[in-house]
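Residue numbers (my numbering): -5 to 450.
Below is one structure; the comments refer to it alone.
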Ligand SMILES: Cc1ncc(COP(=O)(O)O)c(C=O)c1O
């Protein structure tokens, strides 16, 4: 019950957010019944002010690999603040950046021996674009259809999905797209020798948790070498243990020229990004004293991000979270596939480590098809979004559909998720899909939601 004498700060903040930040986001969350006041977040458990516990199966889009608010990262951050050191001078050699870079390069392996630190994944992608051009003297950039690389201008240009770029053009010139997995198309493009880099997510995230066809990445790397194009992997979502290895590229024994990391690198507490690259690429940019700071950013290498990065990598390793994700994620997907097998709208359960997707397909039976098609006409994301809403509202499970493939639901919990929470997810998704396949209520809910969407 609310106390009439006490000002509810979260309500005040909500109003201020709507007035001064992003009112449409607040409205959308309210419409989906997901506008919640979270008061205490640990591991995969998000406790709310109204006494609920939500299980996080999104991890902030693969940020919280070591779980929310890991005590070890928090302790290291407290200690860093208490040191009163040079958090960010831009006039000194940041030793913690050196330590973190060394750790990342030794874990990543291959030719990756230098790191440029950034503040986000997008900024990392921008860096990779600039450095690839500098290193090769070429302008062209090749990306995969369906990719997601971030929303700054350069990163956005590497995405063919018009939703993200409409109205923000013109895009960066020189960008072309190939199908993810299409080796013939890739060779045709690379053979023109105009591309500085091929930039790929090793496992596409927002395209729908798409695993590469067998030997595709190995072959793509070989072709890049043959035609003088740099092989660049965006591991912003797949890196840092998410897929069961330190990098997803380790599953395929690749030796990329650059790897972009961000998200989970700081344990979810401080913005950070990093581009790992070969000495040759680094030297092509910083080749003389005159160019020592030719590419930089105010907060890159800042003390808190670097300290959080060191602590997060330490936790990942000391708790064996990548290995855990590989085994536990595989078992979870097997259970998921078995549980969802009876439902005609489930096409496939796929993924690796704790990077899983449930792919839906349009129904064949007439009874379901009519409702589904009505939904789809309202909005192509409507079906998936109602599943997300029901998982959240009725079962306390937070997840999302993929940004470039609305027919795939993600399951990407923190890598230290408990078996009980995985069981809760299995029960919840089975219950929701049972409703999809057997109850008119599911489809009526959606139509009501559409009605409310038109009113708000
Ligand atoms: C694969 C990939 N690359 C890049 C980005 C952009 O990262 P950021 O949002 O930190 O700019 C994202 C964000 O979701 C991503 O998934």
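Here a beta-carbon is modelled for each residue, glycine too, at the ideal position from N, C-alpha and C.
All figures in this text were calculated on a predicted structure; none of them were measured in a lab.
Asked                                                                                                                : Found
Nearest to residue 53 (by Cα), restricted to the options 411, 165 and 186                                            : 411
Other residues of its chain near residue 301: CB distance less than 7 Å, five sequence neighbours each side excluded : 70, 71, 74 and 90
Residue range of the alpha helix (DSSP H) that includes residue 273                                                  : 273 to 279
Whole-angstrom C-beta distance between residue 230 and residue 115, which should lie under 8 Å                       : 4 Å
Inter-stretch contact (C-beta, 8 Å, three-pair minimum) for the stretch 77 to 84 and the stretch 47 to 62            : no
Reduced DSSP category for residue 237 - H, G, I as helix; E, B as strand; rest coil                                  : coil
Same chain, Cβ closer than 7 Å to residue 416, neighbours up to 5 away in sequence not counted                       : 326
Rounded C-alpha distance that separates residue 109 from residue 330                                                 : 38 Å
CA nearest to the CA of residue 428, picked from 359, 339 and 409                                                    : 339
Rounded distance between the beta-carbons of residue 134 and residue 190, thought under 8 Å                          : 6 Å
Neighbour-count burial assignment, residue 359, 16 or more Cβ in a 10 Å radius                                       : exposed
Sequence-distant residues of the same chain with beta carbon closer than 8 Å to residue 173, five excluded per side  : 138, 139 and 179
For residue 399: DSSP bridge partner residues                                                                        : 396
Simplified DSSP assignment, three categories, for residue 321                                                        : helix
Extent of the continuous beta strand (DSSP E) run through residue 424                                                : Segment 413 to 432 is the alpha helix (DSSP H) holding residue 424; no beta strand (DSSP E) there.
Cβ pair residue 102, residue 226 closer than 7 Å                                                                     : no
Close beta carbons around residue 151, own chain, < 6 Å, minus the five adjacent residues each side                  : 165, 166 and 169
Of the listed residues 95, 261, 86 and 42, nearest to residue 62 (C-alpha basis)                                     : 261
Sub-7 Å separation of residue 278 and residue 128 beta-carbons                                                       : yes
Where residue 372 sits in the DSSP three-state scheme                                                                : helix
Buried or exposed by the 16-neighbour rule on C-beta atoms within 10 Å, applied to residue 310                       : buried
Contact set for residue 424: own chain, Cβ-Cβ below 8 Å, skip 5 residues either direction                            : 333 and 334
Near ligand 1: residue 142 beta-carbon under 6 Å from a heavy atom                                                   : yes
Residue from 245, 376, 48 and 5 with nearest C-alpha to residue 441                                                  : 376
Between the CA atoms of residue 44 and residue 193 - distance to the nearest angstrom                                : 44 Å
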